[in-house]
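First comes the structure, then the notes that go with it.
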Amino acid sequence: MKELDQKINELFAGKVVRKDLTNLIKGNASIPTYVLEYLLGQYAATDDEETIREGVETVKSIITKHFVHRDEAQVIKSTVRERGSHRIIDKVAVKLNDKKDIYEAYFGNLGLNKVPIQDSFVKKHPKLLSGGVWCIVTLGYQPSEERDAIPWTIEKLKPIQISGVDLDEYKELRQKFTTEEWINLLMQSIGLNPEEFSDRSKLLQLARLIPFAEKNYNLIELGPKGTGKSHLYSELSPHGILISGGEVSKAKLFVNNSTGEIGLVGYWDVVAYDEFAGKTKKADRGLVDILKNYMANKNFSRGTQVYQAEASMVYVGNTDHSVPYMLKHSDLFDALPKDYYDSAFLDRIHCYLPGWEVQKLRNEMFTSDYGFIVDYLAEIMKDLRKEDYMKSYQQYFELSDSITTRDKTAIEKTFSGLIKVIYPHGEFSASDAKELLDFAIEGRKRVKDQLRKMDETFNDEVVRFQYKTDDGSVQKIETLEVIEYGDHKLNIPAGGETDGEGENIPNEDLAEEKKEKSKKELKEGQKIIRENQTGVSYQKLFGDYLEDATEIEVIDPYIRLPYQLKNFMELARLIAELKEPDEEVSIHLKTNNNEEYLENAREAFSDMSDSLEPIGVKFTYEFDEDLHDRSITLDNGWKIVLGRGLDIFQKTNGWFDIADHYQEVRKCKGCEITYLREG
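So this is what it looks like as structure tokens:
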């Protein structure tokens, strides 16, 4: 066992679990991680291998006997009927039937509706009234001869969550860990292998915990698919709920005027919108207006009453374009639905997490080491919501007076949330505070920069995102993507440099029209490559013809073996190098395959697509078993006929051979390349 795992088990005995165990028992069950780890916490929260083995078998047995799979619902119902009662694990939601003046339960997987439930259960667990809660329920069956009588009864009901935690003990034990150890423990607790993440990448992952620890915190994360944006909000905590952005309404989110029932924000600590992005998605404009008020003032009015709530709002969705493309042609909120593409609404966002920086999740990025039982961590985060560290940075730093009240609040709430997550005991150095303050300022500046693009009125404010240190020096903050690419619309050059007053230095290169590139005169014709010829590269063969092409179709029946896949990626790299960073290009590959290589090819192509998308290259592919010809067709009017396809190079001697990295010293196979002008 690793040294950190030993330390975790010693100090937090009974509150940690080995994180690979959930996968051993989950199978195909649609059951949240916090439910499984709640059960593992009862039987396998130890480092003793024999106890773990027995505990896993016990939990497997409980899941097998009591968890309701939708396709086995009728079997469970039959079991309850035959036995008279039976314990089940299911998601239970409750509604008030005002005509009968009774509460009725709805079982998510079992499919039972309108089952009478005692008022005492609802009063004790009010979340049952909003969205549903995973519970261990003893379900009874009492047949009756009365007409329309419902035979199902709820004898016992217990939500699956830890009943209480000792926050003082948690803070005291935190002091026994270094900052690095604690961050790694938290990473393992959310199921990730810290060895696969850089320090900044860890901070991005842990920032997703802020809404659970900070009241009324508004977070948005937009980025590519597959980075786990929504996973945390559905799996980590019984105090958060993940809803589809298209399924929400004023009544569901806030209050139902006809029944007076409070909506989701009244019951949950975190309400997360999944799949929030999508320009064509429609939203209720009235809902957006209520959200604006709630996100700014922590209250909402429906009818004649004003309600207070503490739920944090999280919005996650996918971007449509690469970051440099958005920075030049639109803005980083470009993918949002029209009704949410509203500067007043977006100004309420406290932090914009750059989802494009978050790595796509691969198998090796998940941990099999020890971490907190997520339900324990969730209860700790809930208790930490009562504390406030918003001004604690002031012992070391002073924010610029030019920062508006709303910007300052956003920065301070992000800082406070990160302190609760990483330094819950409240002890941190100036360098610790600097890292978190820089991150918090960057998260808010990302929002403000986009608002300046969307709404000219924001340009009337001169906001300098900077702060003073104890020695009087000024620290200016810029977002990472602007440092990398600059921002055409804000006239900020790559590097994000500013003048002495904090104003942007005009970037003359961006203000001018792009000069026409000097191009060679392209001609139709043929090139013959001889066996063993060197000095040949894709750049020399295709580079001039690829200029200005934005849609490229590659037809090659043999892109399946590792060296063939590498050849294709070298072509993709050339295409990426020839385009401007803020332009987008699409490559479509038509190839052939057989069963032996099909699965590996699909996996490789998927990985290629993921790696090319952030740099503005959209890659798609299809398999066609009738392919024979080989060519590259370009939307600039050229077609290149490839005699051997991309397979023009002889085998190298491996990665230590310079030829493996340098096309021009590779020996070629004999082939012909033909250049045709079409149209």
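The sequence shown begins at 747 in this note's numbering and counts up one residue at a time. For each residue, glycine too, the CB sits at the ideal point set by N, CA and C. Keep in mind that this is a model prediction, so the values were computed, not measured.
- Scanning GLU1202, TYR1309, LEU1320 and SER1357 for the CA closest to the CA of ALA1405 turns up TYR1309.
- With a cut-off of 8 Å on Cβ pairs, the stretch 1095-1112 is not in contact with the stretch 1122-1133, counting fewer than three such pairs.
- ARG1412 sits close to THR1280, with the two beta carbons spaced by under 8 Å.
- Under the 10 Å beta carbon count, LEU782 is surrounded by 16 or more other beta carbons and is classified as buried.
- In this structure the stretch 1149-1164 does not touch the stretch 900-913; the number of beta carbon pairs closer than 8 Å is below three.
- According to DSSP, residue pairing for LEU1010 in a beta bridge does not occur.
- Between the C-alpha atoms of LEU1317 and GLU941 there is a straight-line separation of about 32 Å.
- When secondary structure is reduced to three states using DSSP, GLU1277 falls in the coil class, being assigned neither helix nor strand.
- By the neighbour-count definition (other C-beta atoms within 10 Å, threshold 16), GLU981 is a buried residue.
- Cα atoms of ILE798 and ILE771: separation of roughly 12 Å, rounded to the nearest angstrom.
- For GLY1012, the closest of ALA1029, LYS1044, LYS1132 and SER1004 by C-alpha to C-alpha distance is LYS1044.
- Where ARG827 is concerned, the enclosing alpha helix (DSSP H) starts and stops at 819-829.
- If you look at GLU850, you'll find it isn't in any alpha helix (DSSP H); it sits in the beta strand (DSSP E) that goes 848-853.
- Short of 7 Å from the beta carbon of ARG1423, and not among the five residues preceding or following it, lie these beta carbons of its own chain, in chain order: GLU1270, GLY1383 and TRP1384.
- Rounded to whole angstroms, the separation of the alpha carbons of PRO1239 and VAL1220 is 21 Å.
- Listed as beta-bridge partners of HIS832 by DSSP are LEU885.
- No Cβ-Cβ contact shorter than 8 Å links TYR780 with VAL1017.
- Under the three-state reduction of DSSP, MET1200 is assigned to helix.
- PRO897 places its beta carbon 8 Å or farther from that of SER1058.
- Straight across, the Cα-Cα distance linking LYS811 with GLU967 is about 39 Å.
- Proximity to ILE989 across THR925, TYR1061 and PRO970 peaks at TYR1061, based on C-alpha coordinates.
- Around LYS1199, the same chain offers ASP1077 and LYS1235 as residues with beta carbons nearer than 6 Å, after the five sequence neighbours per side are excluded.
- For GLN934, there is no enclosing beta strand (DSSP E); the residue is found in the alpha helix (DSSP H) stretching over 925-935.
- A straight line joining the alpha-carbon of GLU891 with that of LEU856 spans about 24 Å.
- Where ARG1031 is concerned, the enclosing alpha helix (DSSP H) starts and stops at 1031-1043.
- Taken in chain order, the complete beta strand (DSSP E) segments of 3 or more residues contained in the stretch 1111-1186 are 1116-1118.
- Going by C-alpha positions, SER824 is about 43 Å away from GLU1110.
- Burial state of ARG1031 is exposed, judged by a 10 Å Cβ sphere holding fewer than 16 other Cβ atoms.
- Cβ-Cβ separation between GLY1063 and ALA1090: approximately 19 Å, too far for a contact (criterion under 8 Å).
- As for any beta strand (DSSP E) of minimum length 3 sitting wholly inside the stretch 1053-1096, the runs are 1058-1064, ordered along the chain.
- The Cβ neighbour count for THR1113, taken over all protein chains shown within 10 Å, is at least 16; the residue is labelled buried.
- Spanning the alpha carbons of ARG816 and ASN1338 requires a straight line of approximately 39 Å.
- Here VAL1209 carries a coil assignment [DSSP, helix/strand/coil].
- Taking PHE758 as reference, the option from TYR1116, PHE1000, GLN1054 and GLU1293 with the minimal CA-CA separation is TYR1116.
- Within its own chain, the residues whose Cβ lies closer than 7 Å to the Cβ of GLU1227, once the five positions on either side in sequence are excluded, are VAL1069, LEU1073 and PRO1100, listed in chain order.
- Under the DSSP definition of a beta bridge, GLU1224 lacks any partner.
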